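Residue numbers (mature numbering (1 follows the signal peptide of the UniProt record, and there is no 0)): -25 to -1, 1 to 396. For reference, the structure is listed below as structure tokens.
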Amino acid sequence: MITRRTFVSCLTALGSLTLTTPVFAAGNGPQKAIAITKVYGDGQRFIAIALTYAAPVAASDLEASAFTVEGRTVTDVYPASSVDPSDRADAGPVVIIALSPEDAGAMLKIAQERPAGGRPEWSVGDPMESAPQWASPEGNVAAQGIQIATSDVVNLIVDQFQQRVWEDPKTGDTLPYNLFIPAGYDPAKSYPLVNFMHDAGNSSSNPLATLKQGLGAVSWASSEDQAHRPAFVLAPQFAEIVTSDSSQTSSMLDTTLNLITALTQEFSIDPARLYTTGQSGGGMLSIAMNIKYPDFFAASFLVACQWDPALVAPMAGNRLFILVSEDDAKAFPGQNAITAALESHGAKVARAVWDGRWSADQFQFAFDDLIAEEANVNYVALVKGSVIPEGADTGGAAGHINTWPIAYNIAPIRKWLLEGA
């Protein structure tokens, strides 16, 4: 197994492994070490280690300077009521060693070499295993003179998704998928469902690939979003090419919609509150779904994607939020053409240019201005030069893939999809 091994030492200024604070009093040493991961816009990172204790540990008994992690930056040490770093407490049976997510050792994605000879020619339906591998975080904790190896991993939000398999009796397809069920699900109530579809580069037979790659699925399942908008979140995992640049789709289009229909029958999901979103190829598949079945989804969030503008007339009346980068050589001109075509078929399109480096407040202000136009199609282009991180490679598809982390981190768009304005 590929691992990201981190060594944690609890040290005094003299270098001793013995601490004089009550946290290390006899009978209350650390019992277990758990690695904690969190998904960011660019993927899953190793962001903390949780030490469990038999008795509560007080914050006053902890000093961040007493903990060092080889190769990592310790940003905080504090008690918690659970292994979730957000459950900070004045005292608790867990000690969280928070690690900087910006450390080089934080990212769990294994770097891939680009294949020689350029991109191969693919056809829809072709098997595809293109998703990156992910390391499993492991660490050795030194405390009270003993070594404790991390014996478990908690993947924040990711672990709350169920992994399932859909056997479609109509298409004959087999589709692995991830399903988030809202906490406290009550069959007597009615819930919306958000469907997120990944890009071609995250095609895999590993169902967790779509959850680990970025925010497209997990952002809707966060405690913050779910507190205000409880919703089912569906993240199918494709292991084939589902769309092409020639605006063709595989049978997974119907298979995915058949799955959603089946879920509305299994759970108390409102068929009138079904939503779709996707990045790159997943956004293209969302467009194709809107064209073929324009009444299926109540609204769509289309990220960094394009389609043949001559085909989009059936979705001219749909609620759409489209977001691309001006640095995206395909999606930007593609959506310019699509929105013009939608207008010619009666859609009202509101357009804006935003900056991908804006703060949350700036995005909110710009969003409010855009929505005030009361259009059914909202089209945002992120200004040239604003999506690629400083110092990052600007070649290839950089303007394309760097749009995704920004898109799913804009809270008012997520709210718009589920609630309207």
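Where is the CB? At the ideal position from N, CA and C, for every residue including glycine. The structure presented is a predicted model; accordingly, all values stated were derived computationally and were not measured.
_Whole angstroms are fine: how far does the CA of residue 275 sit from the CA of residue 48?_
40 Å
*asked:* Would residue 215 and residue 100 be called neighbours here (beta carbons separated by less than 7 Å)?
replied: yes
*Helix or strand or just coil, what does DSSP make of residue 142?*
strand
*Between which two residues does the beta strand (DSSP E) carrying residue 19 extend?*
18 to 33
*What residues in its chain sit with their C-beta under 6 Å from that of residue 377, if we drop five residues either side in the sequence?*
362, 363
_Quick check on this structure: which residue in 385, 303, 353 has the alpha carbon closest to the alpha carbon of residue 370?_
303
*Return yes when the Cβ of residue 173 is within less than 7 Å of the Cβ of residue 257, no when it is not.*
yes
_Assess contact between the segment 23 to 40 and the segment 148 to 162, defined as three or more Cβ pairs (one per stretch) separated by less than 8 Å. Is contact present?_
no
_Considering only DSSP beta bridges, list what residue 170 is partnered with._
209, 251
*Along the chain, where does the beta strand (DSSP E) that runs through residue 329 open and close?*
324 to 329
*asked:* Within a Cβ cutoff of 7 Å, which residues of the same chain sit near residue 139, ignoring the five residues on either side of it in sequence?
replied: 152, 154
*Please classify residue 275: does DSSP put it in a helix, a strand, or coil?*
strand
*Buried or exposed for residue 255, please, with buried defined as at least 16 other CB atoms from any protein chain shown within 10 angstroms of its CB.*
buried
*Answer with buried or exposed for residue 231, where buried requires no fewer than 16 other C-beta atoms within 10 angstroms of its C-beta.*
buried
*Mind checking which residues open and close the alpha helix (DSSP H) that includes residue 319?*
306 to 319
*Would you call the segment 297 to 313 and the segment 274 to 289 in contact, with 3 or more CB pairs under 8 Å?*
yes
*Can you name the start and end residues of the alpha helix (DSSP H) that residue 266 belongs to?*
256 to 267
*Starting from residue 216 and walking both ways along the beta strand (DSSP E), at which residues does that stretch end?*
Where residue 216 is concerned, there is no enclosing beta strand (DSSP E), given that its DSSP letter is neither H nor E.
*Helix, strand or coil: how does DSSP classify residue 292 here?*
coil
*Would you call the segment 186 to 193 and the segment 376 to 395 in contact, with 3 or more CB pairs under 8 Å?*
yes
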